[in-house]
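The numbering of the sequence shown is the numbering used here, which starts it at 21 and goes up by one. So the structure is just underneath, and the comments pick up after that.
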Amino acid sequence: MFDDSRKRRLIALGVGVGFVVIVMIVAIVNIAKPWRSGDPAVRKAVVAVSGTEDFTVSKPLVTDGEWKLYWIDPVTKGACESAPAVMKGDRMVIGPGTDVPLDDFYRAGVPDKIVRYIFKDDVLWYGFETYGREHGRDDVSLFKSAIRAVTMKLNIRLNKVSLDLGSIKNEVNGPRGGDQVGLLRFNFTINNDKTRYTLTATNFTTINKLTINIDDENGQTLFNKTFNAS
């Protein structure tokens with residue numbers, strides 16, 4: 021009888037100790053995983069992309085109306101990228117990713133306030149990455165220099181330039197193998213002003229010269245200069 025009673029007490033004690041140990045392990049695991057906090061909508065969106073929950077979500081770094089910027093950091097190496105995530109309401113519009121082109125933010129309509137926080141640029145050149153990828157990057161720096169010259173002439177503090185990708189016209193005149201002239205034209209706006217400017221680039225291939233002309237909406241020429249073509 022004594023042995024049976026003692027065994028029962030030992031078994032009960034063992035079960036009790038085991039339960040306490042399990043509770044302690046669960047508590048330690050929960051304490052060790054604070055990353056399970058964060059905006060639920062952001063977590064859900066990131067999990068859908070990355071397939072892991074081993075990441076932290078920052079508090080909103082920038083807010084502009086229903087737009088919010090968060091930063092995602094992996095807890096375990098390789099779980100996901102340390103990268104921004106842009107939310108519009110409960111929907112993730114951009115991210116998480118570090119190699120998202122500026123023009124993706126432009127097309128998605130992400131507010132400048134958030135874009136500038138991510139890219140840290142003094143001037144946001146919307147549309148120029150896409151232009152360079154589709155039409156060549158050789159002359160983009162000259163286009164930017166010409167636009168800067170116009171803003172200085174108009175005494176405008178330059179914050180952003182938005183190239184209207186739908187306005188691009190690119191043609192070549194002249195016989196093949198003969199004297200050809202390349203003509204490029206596109207419209208752009210400066211800062212948040214709706215005034216439309218037109219840049220025309222004329223490439224004289226035989227003499228290796230490039231003339232850049234910028235007009236305002238009234239056809240007034242604000243810039244005209246010829247460069248050595250690259």
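From the three backbone atoms N, C-alpha and C, an ideal C-beta is built for every residue, glycine too.
- Counting only residues of its own chain and dropping the five nearest sequence neighbours on each side, V130 has a CB closer than 7 Å to the CB of W87, V106, V113, I114.
- Beta-bridge partners of A105 (DSSP): Y90.
- Between the C-alpha atoms of Y126 and P60 there is a straight-line separation of about 26 Å.
- Rounded to the nearest whole angstrom, the CA to CA distance from G98 to V82 is 26 Å.
- A distance below 6 Å between beta-carbons, with the five flanking residues on each side excluded, links D110 to the following residues of its chain, in chain order: A61.
- Per DSSP, A249 is not a residue of any beta strand (DSSP E), being assigned neither H nor E.
- Cβ contact annotation for V201 (same chain, cutoff 8 Å, sequence separation greater than five): V192, N193, G194, T222, N223, F224, T225, in chain order.
- If you draw a straight line from the Cα of L89 to the Cα of N248, it is about 43 Å long.
- Between D235 and A166, the alpha-carbon positions lie close to 11 Å from each other.
- DSSP places L178 outside both helix and strand once states are collapsed to three, so it counts as coil.
- Under the 10 Å beta carbon count, F163 is surrounded by 16 or more other beta carbons and is classified as buried.
- Check the Cα spacing between G147 and each of N207, V69, A169: the tightest is with N207.
- Counting other Cβ atoms within 10 Å of its Cβ, L174 stays below 16 and is therefore classed as exposed.
- Remark: C-beta atoms of P116 and A103 approach each other more closely than 9 Å.
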